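What follows is a set of notes on a single structure, which appears directly below.
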Ligand code: SF4
Ligand code: SF4
Ligand code: SF4
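Numbering (the numbering used here), first residue to last: 570 to 815.
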C-alpha cells in the first residue's frame, strides 16, 4: 500500500506548498508512489488518515497548538517544510517587538478580533522527525526527502555552508562588492541561489550545526561590518536561533 501523505498550513504565504505543486514534471511520478490525502491548496478532499504530515507555516495562535497536537497523533512522521515552519521565518520578526504594538499596527481597530501570540516554529510545540528548510523550500530537495522517506532511509540535508555551493558556482564573493552575506554560516542546499543572482544570502535555511562564528566575525570586520549587521539580516528568516541560544 502506498504511504498516505498530508499537507497542512499554518501562518505562512503558502509558497512552500506551491513549490510542491509546481513540480509539474515530477508530480505524476510522485503520486504514483504516494497517496496525497490532504492538501488544501491542491484538492478539496481531506482525510485525517495519513502516515506522513508535511507542515508549512509558523505557530502564531493558541488554537494552532491543539491542531498541531492532533496532526502529531495521526501521523507516523511529521516534517515541517520551509523557514516559517522550521524557524518561525519572517513571522518570527514580530517577536522582536511588543506584541500589542505589532497587533495594533497590523490590524488597527480590528486588533481585538485577531488572536495571536509570540511566533514559534513547529518543533517548539510538537516533536518533529525531520525538517526541510528554506524560503521557499528547494523542490528538488523536497523530492529527495520524499524518496528517502519512502525507502526508510534518513533524509540528508547538507550541513556545510552556502559558501561551498557559491564557490562551486564560481561567483564573485558579495563581500568583495561591499555587501553582507550570511553564506558562511548558513546551511547549504539551495545551490547558493541568492549570491548566484547578485544578492547576499539572508540565511533562510538557518544556521549550520556548528557555525564558524570567529571566521564570520573576521570576514565582517574585514569588510567594515559588524556582527550586529549580520544579526539584523539573520532576523529576516531565522531569528529563532537567537532565542534558542538565550
Ligand atoms: S517559508 Fe517562505 S515560501 Fe514558505 S511559507 Fe514561509 S514565507 Fe512562504
Ligand atoms: S560569503 Fe556569500 S558571496 Fe561570499 S562566498 Fe560565501 S556565500 Fe558566496
Ligand atoms: S542563498 Fe541564503 S537566503 Fe538565498 S536561498 Fe540560499 S540559504 Fe536562502
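All residues carry an ideal CB built from backbone N, CA and C; glycine is no exception. None of the values given here were measured: they were computed from a predicted structure.
Indicate the three-state DSSP secondary structure (helix, strand or coil) for residue 607 in the structure shown. strand
Would you decide whether residue 676 is buried or exposed? Buried here means 16 or more other CB atoms lie within 10 Å of its CB. exposed
From the DSSP output, read off the bridge partner residues of residue 711. Partner(s): none; residue 711 has no beta bridge.
Less than 6 Å between the CB of residue 658 and some heavy atom of ligand 1, yes or no? yes
How about residue 705 and residue 611: do their beta carbons lie closer than 7 Å? no
Using the DSSP secondary-structure output, state which residues sit across from residue 646 in a beta bridge. 621
Under 6 Å: does the beta carbon of residue 752 sit that close to some heavy atom of ligand 2? Between ligand 2 and residue 752, a heavy atom-to-CB distance of less than 6 Å is present.
Pull up the DSSP beta-bridge partners for residue 576, would you. 608, 623
DSSP state of residue 724, grouped into three classes? coil
Around the C-beta of residue 619, are 16 or more other C-beta atoms found within 10 angstroms, so that it is buried, or is it exposed? buried
8 Å contact criterion, which residue 691 and residue 724 should meet: CB distance rounded: Rounded, the Cβ-Cβ distance is 16 Å, inconsistent with contact.
How far does the alpha helix (DSSP H) with residue 771 in it extend, from its first residue to its last? From DSSP, residue 771 is part of no alpha helix (DSSP H); its letter is neither H nor E.
Helix, strand or coil for residue 689 per DSSP? strand
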